[in-house]
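Numbering (this note's numbering), first residue to last: 1 to 285.
We put the beta carbon where it would ideally sit given N, CA and C, even for glycine.
Here the structure is a predicted model, which is why all the values come from computation and not from measurement.
A short worksheet on the structure shown next.
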Amino acid sequence: MAVKNVQITVLIENSKNGAKSNLQAKHGLSFFITAKIDDDKVTVLMDTGPSSDALLYNVNALGVNLEDVNAIALSHGHYDHTGGLIESLKRMKKLVPVIGHPTLFHPKLSMMPHLRLIGAPFRFSDVESVGGVPILTTDPVKIADGITTTGEVPRTTSFETVKGFWTVRNTRFVDDVMLDDQSLVIDVEEKGLVVVAGCAHSGIINTVKYAQEITGNSRVHAVLGGFHLIRADSKRLQATVDELAKLDPKFVGPCHCTGKKAVKKIADAFGDRCRFIHTGDIIEF
1 MAVKNVQITV LIENSKNGAK SNLQAKHGLS FFITAKIDDD KVTVLMDTGP SSDALLYNVN
61 ALGVNLEDVN AIALSHGHYD HTGGLIESLK RMKKLVPVIG HPTLFHPKLS MMPHLRLIGA
121 PFRFSDVESV GGVPILTTDP VKIADGITTT GEVPRTTSFE TVKGFWTVRN TRFVDDVMLD
181 DQSLVIDVEE KGLVVVAGCA HSGIINTVKY AQEITGNSRV HAVLGGFHLI RADSKRLQAT
241 VDELAKLDPK FVGPCHCTGK KAVKKIADAF GDRCRFIHTG DIIEF
């Protein structure tokens, strides 16, 4: 069963919508997603930006009510997608499922230019203390009819790799291949799949193909969010655009960690089907 329609409000992104200059932009991402199902509606908060200050400022400015949220989906454990979680949960004033991967709260580090922590800026226990109920699983989680997380995304393409991140596994300091990366998939009536990515560390092509697999729907209507192509070489960029073109989405909305070079290449390939999305944008399907 699919949803009738969906509205996606961009609460946080690196840049601002020029017509909404009163909003705050921060390096990070947060989407407020409301879908209509029959005569009911379901609201999902996907990611919470890097901190609560900008997120809650924009929530107030945009007239968004966090008490409407039925579930929170976290795309992965990096700070720029989890930083506003605790204060957001406080605003919800109820128990709320927080959906993520079992490694979501594992140590997350980078080496740019030196060792630094880039994981969630709080402890696991903090989430539970403010009403969050962690649902940590590698499986897809059905939030409502037509709305699901991907869970852990299989890596099937040869060109989508993960580099530059580190973690601790079984007492060893190892590469973090971001197994916690997941996306949200919304099946919209008469249109098809809307795939919303946080950073798509799994690879945006891997992600969309897995969305098709778990939903049984091959029709892709929209792909949006961070595609993490900011450091991708020309070979990966070309392969990504080629494969995305085969999927034939009617809307492509790159942002956040996609990178200017990648955005231009995608825009050149998709023309008016491509739109860079900003803080304050409201997208409806």
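Q. Quick one: what does DSSP say L95 is sitting in, helix, strand or coil?
A. coil
**Q.** Unbroken beta strand (DSSP E) run spanning A61, endpoints
**A.** A61 -> not in any beta strand (DSSP E); alpha helix (DSSP H) instead, spanning S52 to L62.
Q: Compare the C-alpha of A124 against each of G83, I147, K20 and F32 and name the closest.
A: One detail in the question is off: residue 124 reads as Phe in this sequence, not Ala. Taking only the C-alpha atoms, the option nearest F124 is G83.
Q: Please determine, among L66, L109, T161 and S158, the residue with the shortest C-alpha to C-alpha distance to F31.
A: L66
Q) Just reading off the beta strand (DSSP E) that N5 is part of, what are its end residues? A) Taken as a continuous stretch (DSSP letters only), the beta strand (DSSP E) holding N5 covers N5 to I12.
Q. Is the beta carbon of G151 less than 8 Å from the beta carbon of V141?
A. yes
Q) What is the residue span of the alpha helix (DSSP H) that M204 lies within? A) Per the sequence shown, the amino acid found at residue 204 is Ile instead of Met. I204 to T215 is the extent of the alpha helix (DSSP H) around I204.
Q: Kindly indicate which three-state DSSP category D272 falls into: helix, strand or coil?
A: helix
Q.
Which same chain residues end up closer than 8 Å to V325 when comparing Cβ atoms and leaving out the 5 residues on each side of it in sequence?
A. Here the chain has residues from 1 to 285 only, and residue 325 is not among them.
(Q) Considering just the uninterrupted stretch of the alpha helix (DSSP H) at A286, what are its terminal residues? (A) Nothing about residue 286 can be read from this structure; the chain reaches only from 1 to 285.
Q: Apply the 10 Å Cβ neighbour rule to A222 and answer buried if 16 or more other Cβ atoms are within range, or exposed otherwise.
A: A222 should be labelled buried.
Q) Nearest-angstrom Cα distance between V153 and C199? A) Our two residues, V153 and C199, have alpha carbons roughly 13 Å apart in a direct line.
Q.
Taking the beta carbon of M92 as the centre, do at least 16 other beta carbons fall within 10 Å, making it buried, or is it exposed?
A. Its Cβ being crowded by 16 or more others within 10 Å, M92 is buried.
Q: Could you name the residues of the same chain whose beta carbon sits closer than 7 Å to that of N22, not counting the 5 residues immediately before and after it, in chain order?
A: A61
Q: Quick one: measure Cβ to Cβ for G237 and K265, integer angstroms, because I've assumed they're closer than 8 Å.
A: It is worth fixing the name first, because residue 237 is Leu in this sequence and not Gly. Rounded, the Cβ-Cβ distance is 5 Å, consistent with contact.
**Q.** Sheet register partners of C255 (DSSP bridge)
**A.** G226
Q: Please state whether DSSP places L85 in a helix, a strand or coil.
A: Helix.
Q.
Run through the DSSP bridge pairs and tell me what T167 is partnered with.
A. V174
Q) Which word fits N170, buried or exposed, when buried means at least 16 other C-beta atoms lie within 10 angstroms of its C-beta? A) exposed
Q) How would you call S51, buried or exposed, if buried means at least 16 neighbouring beta carbons within 10 angstroms? A) buried
Q: To the nearest angstrom, report how far apart P143 and V64 are at their CA atoms.
A: The question names Pro, but residue 143 in the sequence shown is Ile. Going by the C-alpha atoms only, they are around 20 Å apart.
Q: Determine the closest residue to E160 out of L109, D145 and F227, with distance taken between C-alpha atoms.
A: E160 has its Cα closest to that of F227, out of L109, D145 and F227.
Q) Around the Cβ of H114, are there at least 16 other Cβ atoms within 10 angstroms (buried) or fewer (exposed)? A) The residue in question, H114, is exposed, as its Cβ has fewer than 16 Cβ neighbours within 10 Å.
(Q) Among I282, H201 and G259, whose alpha-carbon lies nearest the alpha-carbon of H81? (A) H201
Q) Whose C-alpha, out of A25, F122, K260 and I33, is nearest the C-alpha of V6? A) I33
Q: Please classify G192: does DSSP put it in a helix, a strand, or coil?
A: strand
Q | Selected residue, minimal CA-CA separation from N206, among C274, G271 and R155 | A | R155
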